[in-house]
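Here is the structure we will look at.
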Amino acid sequence: MFKALANLAAVSCLAFAGDLQAGTLENVKARGQLKCSSTVGTPGFSIADSNGRHTGLEIDFCRAIATAIFGDPEKVMIVPLMPAVRFTALQSGEVDVLFGTTTWTLGRETTNGSLFATVTYYDGQGIMVRSGVINSPKELNGATVCTNQGSTTELNLTDFFRTNGLKNEIVAYSTQEEALQAYASGRCDAFSTDKSVLYAFRSKLPDPEKHAVLEETLSKEPLAASVRQGDDPWYNVVKWSSHVLHAAEEAGLNSKNVDSVASSTNDPNILRLLGKEGKIGESMGLSNQWAYNIIKKVGAYDEIFERNIGKDSPLKIDRGLNASWKKGGLHYSPPIR
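In terms of my numbering, the sequence shown opens at residue 219 and continues consecutively.
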């Protein structure tokens, strides 16, 4: 009898622990607003204008999640976070979902209590130097390299220089902005972080053409949204809201043509995606128009890529690995059915 009671108590404790971790979707709905983190001042990914409104690739992912829940992309609070505190903020509940140009790693899932959803941007660490000085990171022996604290960049640099037998001074600053300013002032010979950020920050320098991002890539940096472990319903909402952006591009849908396609198509895959058939949205605690709303009010992945960091933006970053699988890239949405 006592053994049975002990087993029952253990089960009850486990259930209680699960309840503590679960319920983010319900909490967001009750609050009436999504709390979404972002990086601090990175053009193309997250940057605030003079009115305090944030725009960027990861901001549009935040807006897509808010739209899935509320049907309104404006029901989101953007919380810019420094790299060193972002996972603490996620675990404490300060934010519901973490972006912040954050790299998906095994260690972050096994030690930070985090779980990563689908990749938002396939990146890699690079190095920016003054044009015409060197052509390869392997020529940086004895150089001073600036980067930011609390990210994967310090370890990647240490590993690269150790592997190639180079001796360097790595100077880490609390923010990428501080690291950039140190590089711009001549404190550092090179500046290293994700290549997407290097292109963004190069555009902020007085003479961008005097600086070059070296071709060699030092690491794999799959940037992805992160949520707290133990809350599968919320993980599904974040993950599948992201997949909708890719599924829309694969189907040739965008914010401009989604209504006309919805009224004329006989494609069952598109009909399910747009909520014309089935009850996929309801199975996640959302409206059946959740995916339609994302496409109509935020766009498809190609739309948000091009306007924030691609050909329609000042950065003009090529799609490269971030193209759809149909065009030789890595982005691929599982079937939404």
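Ideal Cβ placement from N, Cα and C applies to all residues, glycine included.
Predicted model, so just to flag it, every value in this text is computed and none were measured.
Under the Cβ criterion (8 Å, minimum of three pairs), the segment 293-313 counts as touching the segment 246-253. As the crow flies, the alpha-carbon of D449 is around 19 Å from that of T323. In the three-state DSSP reduction, G538 falls in the helix class (H, G or I). Fully enclosed alpha helix (DSSP H) runs of no fewer than 4 residues occupy 275-288, 304-310 and 324-328 of the segment 249-335, in order along the chain. Judged by their CB atoms, L275 and G262 are nearer to each other than the 8 Å cut-off. For G241, there is no enclosing alpha helix (DSSP H), as DSSP marks it with neither H nor E.
Taking 8 Å as the upper bound for CB-CB distance, V363 and I388 are in contact here, some 5 Å apart.
Going by beta carbons, L432 and T321 fall outside the 8 Å limit. Listed in chain order, the alpha helix (DSSP H) elements of length 4 or more contained wholly in the segment 457-512 are 476-482, 486-491 and 498-501. Of the candidates V462, V445, I345 and K497, the residue whose Cα lies closest to the Cα of Y417 is I345. If you draw a straight line from the Cα of S421 to the Cα of L533, it is about 7 Å long. Within the DSSP bridge table, the entry for G344 names T411 as partners.
Per DSSP, E521 has no beta bridge partner at all. Cβ-Cβ separation between I277 and V455: approximately 18 Å, too far for a contact (criterion under 8 Å). In the DSSP annotation of this structure, the continuous segment of the beta strand (DSSP E) that includes L441 starts and ends at E439 to R446. About 17 Å separates the CB atoms of K413 and R348; that is not less than 8 Å, and the two are not in contact. Put simply, the backbone Cα of N245 is about 27 Å away from that of H464. Contact annotation: S473 and I513 have beta-carbon atoms nearer than 8 Å.
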